[in-house]
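Just below is one structure, and these are the notes that go with it.
Protein chains in written order, with the numbering used here: chain A, 247 to 723; chain B, 737 to 1024.
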């Protein structure tokens, strides 16, 4: 469709000031934080609420224009890439908290609210929204729902799916649907479990009721340094096998630590090859936290730690978390481009898997650093390179696929929290047979039987998508 | 006296099950039969099929806290295997109900409220993957052994509480919990339950309505404050609260009422896709 006409029509629906277009906008919205594949939208609209999103979707359906929802664009698998162009529906104006119900421990917010703002809004009541992806200061609730986001505290508190009670969404035909509500666990098919993690392909979530979780009464956080990566990874499986489930159990290797030193003057013992960040918390007592932390330290002591640093106060604890959450960002000090991969393995396989990651990087002659949710077995090898050099890009893509393939061989998954998007739709075939994928396609069809709502995502070999794949990888350089 | 014995199909392998699904037109599926009184009567004629022969633990990795089992495995049997490694599934038998926990596949399919739900979640939180046979006999799977996985649509979680109306579950992959840190249920018991128990209902409300829901009548039962859930021996209550839901046992067609219109419409659409000839547990959801 003609660009000017589409802009005019969208302006009519959401107001002229809330439609963005032009080459600069198209460039800014052609990908998310997974930058290897790109595709330009015709325009970007910023609706104010559920009703305006419904109007936009209905217009798109009537005129056969593809549409793709987008939050903060922090996704890591191209989930908001407008694969066939068309309209990007940004939730960036939908940032309100609609209702806070402290007594019933839930909150209704619009999809565009930043994750952390939910927790900030209820902290005075001793509550928080538990999913805490590293991008939480900007990542939106809608994006978290689409990707079923995790985060470091997933280990104890669960992923986004465990904290969403209900949603209001616009289905792919433009109808407003409400699923679930303030009282969880109702009988009937659990459609919410499909929509959370549906990567925006089942409709556009506009509002959600989320569960609020009491803040822990006591918490202890420690950094434990090891001279070898093996010592660190073996201690992870041993800690959990010992019956302690910490609130978080993270690993950072020397590549990440070096970047953190450059970016934030972060200090750590010389000779550290990997560091664990361990957090134990309790809803009831300081004593329980101390017992758990002692159990963790006892296990870690069997693996020759260089140093164990326990946060003395909240300031030091926040600093420990700051370095964990900014670890990937700090990699910008080392190379112009990074690609963060995401795969899962059973945690007992961590030691051999990390050996494999370093070997693959060496083989392809690309740099790799590791920072990840060790307790869940959720790897994030972070390749650093220069994306202006097509050879390096190719090496990074190949190394990534080799690692993901190994995850599947070890009984894991091609993605633990970043999603399939466009990045991994072909890799799904490593995990699933055509009949398995047929089963998934049936589930998708309950909501989306067309090709307009966030097309070409998740399932491989979708009609009218295959011929575009080359274009997505080609337009970046 | 000559009784005509009812035919019960008992597949002992996935292959046999596929054969049955290709040959039969209507099936009433059960595990051990422990939850029969919670179900709705079959709509019309249906051949009974029990999955009890598909039983056994396939693989248990205590270090990873992941177990895979055949769907017909009894939960009590699974708990014994897990307990040897200090682990468990956080499901407890409720003595007042005088019902066994049944099978893994049956319990997942019924998804009845339980007494550690607020503390440990429920089947949707424990299930990491399933293998199924579809109504047309096709075998397929969803999910994996990874404790965290967002690869594709979570069909395995859609099957939770679907009462066997979408596909026949043959294998389930679950996360397990350390026994050591398992919380205790926080129940408050009221009166003496009838023996044998006849009718029972479960009602879940908002926290703010819970106290009123508890004090509704003089019936015996028990309450779980942590999940705002009330179990009462008696017929389904007339008094309802904002956003609440009710499920019943021993009330025949009144056991399950799906009151949300959007939900009912989507369920019909899903049923049409998964089981267009209405082969699997006809009548089980009330509306189909």
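Just so it is clear, CB atoms sit at the ideal spot from N, CA and C, and this is done for glycine as well.
How big is the Cα-Cα spacing for residue 896(B) and residue 552(A)?
If you number the second chain from 1, residue 896(B) lands on position 160. If you number the first chain from 1, residue 552(A) lands on position 306. If you take the alpha carbons of residue 896(B) and residue 552(A), they lie about 47 Å apart.
Under 9 Å by beta carbon: chain B residues contacting residue 349(A):
The sequence position of residue 349(A) within the first chain is 103, counting from 1. Those are 942, 943 and 944, listed as they occur along chain B.
Enumerated in chain order, which unbroken segments of the beta strand (DSSP E) with a length of 3 residues or greater are wholly contained in the stretch 755–813 of chain B?
763–766, 783–786, 793–797 and 802–806
Please state whether the Cβ-Cβ distance between residue 505(A) and residue 570(A) is less than 8 Å.
Working through the first chain from its first residue, we reach residue 505(A) at position 259. Working through the first chain from its first residue, we reach residue 570(A) at position 324. Cβ distance not < 8 Å, so residue 505(A) and residue 570(A) don't count as in contact.
Tell me which residues share the same chain as residue 649(A) and place their Cβ nearer than 8 Å to its Cβ, disregarding the 5 neighbours each side in the sequence.
Start at 1 with the first residue of the first chain, and residue 649(A) comes out as number 403. Here the set comprises 587, 589, 602, 603, 606, 625 and 627.
Within chain B, partners of residue 451(A) - CB distance below 7 Å:
Locating residue 451(A) in the first chain gives position 205, where the first residue counts as 1. Within 7 Å Cβ-Cβ: nothing; residue 451(A) doesn't reach chain B, min ~14 Å.
For residue 869(B) and residue 753(B), the rounded distance between their alpha carbons
The residue labelled residue 753(B) in the question sits at position 17 within the second chain. The residue labelled residue 869(B) in the question sits at position 133 within the second chain. Taking the straight line from one Cα to the other gives about 8 Å.
Around the Cβ of residue 550(A), are there at least 16 other Cβ atoms within 10 angstroms (buried) or fewer (exposed)?
Counting from one through the first chain, the residue named residue 550(A) turns up at place 304. Flag for residue 550(A) reads exposed.
Alpha carbons only, please: which of 882(B), 828(B) and 874(B) is nearest the one belonging to residue 858(B)?
Position 122 of the second chain, counted from the start, is the residue given in the question as residue 858(B). Ranking 882(B), 828(B) and 874(B) by Cα distance to residue 858(B) puts 828(B) first.
Hey, how far is the Cα of residue 1022(B) from the Cα of residue 993(B)?
Here residue 1022(B) refers to the residue found at position 286 of the second chain. Here residue 993(B) refers to the residue found at position 257 of the second chain. Approximately 7 Å, taken between the alpha carbons.
With a 10 Å radius around its C-beta and 16 neighbouring C-beta atoms as the bar for buried, classify residue 318(A) as buried or exposed.
Position 72 of the first chain, counting from 1, holds the residue named residue 318(A). Label assigned to residue 318(A): buried.
Shorter than 8 Å from the beta carbon of residue 853(B) to some beta carbon of chain A?
Here residue 853(B) refers to the residue found at position 117 of the second chain. Judged by the 8 Å Cβ criterion, residue 853(B) is in contact with chain A.
Contact under 8 Å by Cβ, residue 337(A) with residue 358(A):
As a first step, residue 337(A) is located in the first chain; it is residue number 91 there, counting from the start. As a first step, residue 358(A) is located in the first chain; it is residue number 112 there, counting from the start. Yes, they are a contact pair.
Determine, using beta carbons only, whether residue 559(A) comes closer than 8 Å to chain B.
For the purposes of this step, residue 559(A) is taken as residue 313 along the first chain, with counting starting at 1. No, residue 559(A) lies away from the interface with chain B (no Cβ there is under 8 Å from its Cβ).
For the stretch 903–956 of chain B, which segments carrying the alpha helix (DSSP H) assignment without a break, of at least 4 residues, lie completely within its bounds, in sequence order?
943–950
Can you name the residues of chain B whose CB is closer than 7 Å to the CB of residue 427(A)?
Here the question's residue 427(A) lines up with position 181 in the first chain. The contacting residues are 979.
Give a yes or no on whether the minimum CB-CB distance between residue 685(A) and chain B is below 8 Å.
In the first chain, residue 685(A) corresponds to position 439, counting from 1. At least one chain B Cβ lies under 8 Å of residue 685(A).
Between which two residues does the alpha helix (DSSP H) containing residue 597(A) stretch?
In the first chain, residue 597(A) corresponds to position 351, counting from 1. Element bounds for residue 597(A): 596–610.
Any contact between the stretch 443–460 of chain A and the stretch 477–489 of chain A? By contact I mean 3 or more CB pairs, one from each, below 8 Å.
no
Between the beta-carbon of residue 903(B) and the beta-carbon of residue 871(B), is there less than 8 Å?
Residue 903(B) sits at position 167 when you count from the first residue of the second chain. Residue 871(B) sits at position 135 when you count from the first residue of the second chain. In contact: residue 903(B) and residue 871(B) (Cβ atoms closer than 8 Å).
Chain A partners of residue 857(B), CB-CB under 8 Å?
Mapped onto the second chain, residue 857(B) falls at position 121. Ordered by position in chain A, the residues that pass the 8 Å Cβ test against residue 857(B) are 404 and 408.
If you measure from the beta carbon of residue 948(B) to each beta carbon in chain A, is any gap under 8 Å?
Against the second chain, residue 948(B) aligns to sequence position 212. Closer than 8 Å: no.
Between the alpha carbons of residue 849(B) and residue 445(A), how many angstroms are there, rounded?
Taking the second chain and counting its residues from 1, one reaches residue 849(B) at position 113. Taking the first chain and counting its residues from 1, one reaches residue 445(A) at position 199. Near 29 Å, if we compare the C-alpha coordinates of residue 445(A) and residue 849(B).
Cβ neighbours of residue 723(A) in the same chain (closer than 6 Å, five flanking residues each side left out)
For the purposes of this step, residue 723(A) is taken as residue 477 along the first chain, with counting starting at 1. With a pLDDT of 38 at residue 723(A), under the threshold of 50, the modelled position of this residue cannot be trusted; read the value that follows with caution. Within the same chain, residue 723(A) has no close Cβ partners at all.
Please check the pair residue 411(A) and residue 427(A), which I expect to be a contact at CB under 8 Å, by giving their CB distance rounded to whole angstroms.
Within the first chain, the letter at position 165 stands for residue 411(A). Within the first chain, the letter at position 181 stands for residue 427(A). Indeed, because the Cβ distance is near 7 Å, the residues count as touching under 8 Å.
Is the CB of residue 531(A) under 8 Å away from at least one CB in chain B?
Against the first chain, residue 531(A) aligns to sequence position 285. So no, residue 531(A) is outside the interface.
Cα-Cα separation between residue 838(B) and residue 765(B), rounded to whole angstroms:
By one-based count along the second chain, residue 838(B) stands at place 102. By one-based count along the second chain, residue 765(B) stands at place 29. Rounded to whole angstroms, residue 838(B) to residue 765(B) spans 13 Å at the Cα level.
With a cut-off of 8 Å, does the C-beta of residue 961(B) fall near any C-beta of chain A?
Residue mapping note: residue 961(B) aligns to position 225 of the second chain, counting from 1. So, not an interface residue.
Residue ranges of each beta strand (DSSP E) run of no fewer than 3 residues wholly in the stretch 416–478 of chain A, ordered along the chain?
422–426, 450–457 and 464–472
Within 8 Å of any Cβ in chain A, is that where the Cβ of residue 861(B) sits?
Translated into the one-based positions of the second chain, residue 861(B) becomes position 125. Yes, residue 861(B) lies at the interface with chain A (some Cβ there is under 8 Å from its Cβ).
Quick check: the stretch 952–963 of chain B against the stretch 982–993 of chain B, are at least 3 beta-carbon pairs closer than 8 Å?
no
Let me make sure I understand the geometry here. Which of 1009(B), 1019(B) and 1014(B) has the alpha-carbon closest to that of residue 685(A)?
Taking the first chain and counting its residues from 1, the one referred to as residue 685(A) is at position 439. Comparing Cα-Cα distances from residue 685(A) to each of 1009(B), 1019(B) and 1014(B), the minimum goes to 1009(B).
Within 7 Å of chain A by C-beta, residues of the stretch 997–1018 of chain B in sequence order:
998, 999, 1002, 1003, 1005, 1006, 1009 and 1010
Helix, strand or coil for residue 340(A)? Go by DSSP, reduced to three states.
As a first step, residue 340(A) is located in the first chain; it is residue number 94 there, counting from the start. Note: residue 340(A) maps to coil in three-state DSSP.
Tell me, which residues are paired with residue 637(A) by DSSP?
The count along the first chain starts at 1 and reaches residue 637(A) at position 391. Answer is none; residue 637(A) lacks a bridge partner.
Starting from residue 361(A), trace the beta strand (DSSP E) both ways and give me its first and last residue.
Here residue 361(A) is taken as the residue at index 115 of the first chain, counted from 1. No beta strand (DSSP E) holds residue 361(A); the alpha helix (DSSP H) holding it covers 361–368.
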